[in-house]
Amino acid sequence: MRDDAHGFTVRTRFGLTLIAGGAVANIYYNQPLLALLVGEFGDRAALVVPTASLVGYGLGILGLVPFGDALPRRSLIIGQLLGLAVALLVAASSPNLTVLGCASLAIGILASAAQQAVPFAAELAPDATRGRMVGQVMTGLFCGILLARTVSGFVGAHHGWRTVFFAAAVVAVAMAGIAAATLPTSATKRLRYRALMTSLLHILRSQPVLQNASLSQGLLFASFNAFWATLALLVEAPPFDLSPAGAGLFGVIGVAGAIVAPLSGRYSDRRGARPVVIAGSLCVLAAFAVLAAGGTWSLTAITIGVLLIDLGINAALIANQTRAYALVAGARGRINTVLFTSVFIGGAIGAFAGSRAFLMAGWPGVCLVGSAFALGALVVSWFGGRAKPA
80 MRDDAHGFTV RTRFGLTLIA GGAVANIYYN QPLLALLVGE FGDRAALVVP TASLVGYGLG
140 ILGLVPFGDA LPRRSLIIGQ LLGLAVALLV AASSPNLTVL GCASLAIGIL ASAAQQAVPF
200 AAELAPDATR GRMVGQVMTG LFCGILLART VSGFVGAHHG WRTVFFAAAV VAVAMAGIAA
260 ATLPTSATKR LRYRALMTSL LHILRSQPVL QNASLSQGLL FASFNAFWAT LALLVEAPPF
320 DLSPAGAGLF GVIGVAGAIV APLSGRYSDR RGARPVVIAG SLCVLAAFAV LAAGGTWSLT
380 AITIGVLLID LGINAALIAN QTRAYALVAG ARGRINTVLF TSVFIGGAIG AFAGSRAFLM
440 AGWPGVCLVG SAFALGALVV SWFGGRAKPA
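Heads up, the final residue of the sequence shown is numbered 469 in the working numbering, and it's a clean run with no missing numbers.
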């Protein structure tokens with residue numbers, strides 16, 4: 080069955096949605112497990128493991144995703160998922176923090192298969208509904224991010240953190256099978272890797288809209304990860320004393336934010352992306368206001384904060400993707416690389432800054448850092464969002 084003249088079938092869209100969510104989940108499995116990892120490897124594990132996975136994801140987007148404009152994306156996705164399974168097995172067998180840190184870096188790099196799926200959707204979708212189609216695939220990615228924490232927390236609490244990574248390796252192999260069964264073979268251009276990477280700089284320099292989208296979303300993702308990289312450390316300590324499974328349940332709350340993805344894409348298709356990005360930034364700022372006021376004593380305040388952060392991040396991301404993918408036909412993999420390299424550099428900075436703030440100033444420090452990043456995103460989108468594509 081086909082959805083449109085471009086051949087974006089229901090089966091293909093479903094496959095891309097599952098792959099996006101299943102791949103990206105791997106860089107977030109560690110977050111509800113931080114207390115367990117600290118117990119086995121020491122305090123540095125809380126900083127090294129989440130930061131390495133996010134840095135690796137950024138490196139994968141920078142180094143691997145551009146190949147999608149020159150090689151068949153279907154083959155790239157299958158290869159990355161199989162490599163991911165190997166990296167997960169290494170993580171599950173890690174005898175020390177050094178091996179686990181290196182495995183986490185490799186997991187991040189190969190989990191960028193999720194970012195092969197997103198431009199694939201943009202390439203297959205018709206222009207008039209690109210935002211909505213990308214939003215639907217991104218709903219899978221968002222659910223993968225959020226449900227990863229819930230599943231990981233539950234499995235880790237009952238069976239240990241190593242079981243989480245062993246199970247994830249099995250899932251990665253299953254995702255490779257889904258890719259082989261559902262994805263079409265895409266047309267490719269014969270471009271050398273050096274030419275691909277050189278063109279990234281040209282695209283970035285010549286597209287002010289892409290510059291604005293990348294910076295604003297990078298700042299928002301820094302805010303997002305400052306929160307999520309430290310939430311388990313907050314709620315597993317007094318007065319909450321939650322288990323890793325309890326900490327992971329906050330991911331279920333965040334899934335409600337994923338429903339905004341297709342709505343954001345539809346609105347951006349019709350009315351433009353800038354108002355959505357501004358609204359998303361304000362939503363994240365409001366979340367940190369709630370978290371600062373009641374996050375140290377109220378699970379209700381934390382729940383509201385989780386929902387607001389995920390609503391804001393998801394809405395802004397789909398809007399920024401919609402306007403970025405419309406800029407240069409045939410270069411969506413490279414546009415995705417520019418956008419998401421910025422996003423996950425921001426994420427790694429946010430995870431690091433949030434962890435340091437928590438160690439130095441506790442939860443108020445995390446809220447201050449998260450608010451500062453969100454305010455920066457608001458300023459960028461408000462004053463720079465009127466730029467036009469070259």
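The beta carbon of each residue, even a glycine, is placed where N, CA and C say it ideally should be.
First and last residue of the alpha helix (DSSP H) that includes residue i?
i, result
"residue 459", "411 to 463"
"residue 353", "353 to 373"
"residue 376", "Taken as a continuous stretch (DSSP letters only), residue 376 belongs to no alpha helix (DSSP H), as it is neither H nor E."
"residue 241", "240 to 261"
"residue 157", "152 to 171"
"residue 136", "124 to 142"
"residue 119", "113 to 120"
"residue 299", "287 to 314"
Note down, in chain order, each residue of its chain lying with its Cβ closer than 6 Å to the Cβ of residue i, except the 5 sequence neighbours on either side.
i, result
"residue 135", "184, 187 and 188"
"residue 324", "232, 233 and 236"
"residue 145", "275, 412, 413 and 416"
"residue 200", "95, 212, 213 and 216"
"residue 352", "398, 401 and 402"
If you check the beta carbons only, do residue i and residue j fall under 8 Å apart?
i, j, result
"residue 209", "residue 91", "no"
"residue 167", "residue 105", "yes"
"residue 399", "residue 339", "no"
"residue 99", "residue 197", "yes"
"residue 444", "residue 452", "no"
"residue 180", "residue 230", "no"
"residue 332", "residue 386", "yes"
"residue 97", "residue 254", "yes"
"residue 364", "residue 454", "yes"
"residue 344", "residue 211", "yes"
"residue 70", "residue 303", "The structure shown has nothing for residue 70, since the chain only spans 80 to 469."
"residue 462", "residue 140", "no"
"residue 103", "residue 193", "yes"
"residue 243", "residue 112", "yes"
"residue 137", "residue 420", "yes"
"residue 173", "residue 182", "yes"
"residue 395", "residue 305", "no"
"residue 359", "residue 374", "no"
"residue 450", "residue 308", "no"
"residue 114", "residue 247", "no"
"residue 107", "residue 228", "yes"
"residue 191", "residue 160", "no"
"residue 317", "residue 376", "no"
Using the three-state DSSP reduction, which class does residue i fall into: helix, strand or coil?
i, result
"residue 88", "strand"
"residue 323", "helix"
"residue 553", "Within the shown structure, residues of the chain are numbered from 80 to 469, placing residue 553 beyond reach of any answer."
"residue 386", "helix"
"residue 338", "coil"
"residue 189", "helix"
"residue 149", "coil"
"residue 174", "coil"
"residue 317", "coil"
"residue 236", "helix"
"residue 201", "helix"
"residue 211", "helix"
"residue 271", "coil"
"residue 283", "helix"
"residue 398", "helix"
"residue 331", "helix"
"residue 105", "helix"
"residue 196", "helix"
"residue 227", "helix"
"residue 406", "coil"
"residue 218", "helix"
"residue 264", "coil"
Examine the ligand NAP and report whether any of its heavy atoms sits within less than 7 Å of the Cβ of residue i.
i, result
"residue 303", "In the structure shown, the ligand NAP is absent, as is every other ligand, since no ligand is present at all."
Once the 5 residues before and after residue i are set aside, which same chain residues still bring their CB inside 8 Å of it?
i, result
"residue 418", "289, 292, 293, 296, 399, 400 and 403"
"residue 94", "257, 258, 260, 261 and 262"
"residue 175", "120"
What does a CB cutoff of less than 7 Å around residue i pick up in its chain, not counting 5 residues either side in sequence?
i, result
"residue 425", "297, 298, 300 and 301"
"residue 346", "355"
"residue 406", "286, 288, 289, 414 and 468"
"residue 459", "291, 294, 295 and 298"
"residue 427", "130, 133, 134 and 137"
"residue 326", "111, 232, 310, 311, 314 and 315"
"residue 341", "211, 214, 215 and 218"
"residue 249", "none"
Which whole-angstrom value is the C-beta distance of residue i and residue j, which I expect to be below 8 Å?
i, j, result
"residue 366", "residue 388", "4 Å"
"residue 370", "residue 446", "5 Å"
"residue 116", "residue 240", "6 Å"
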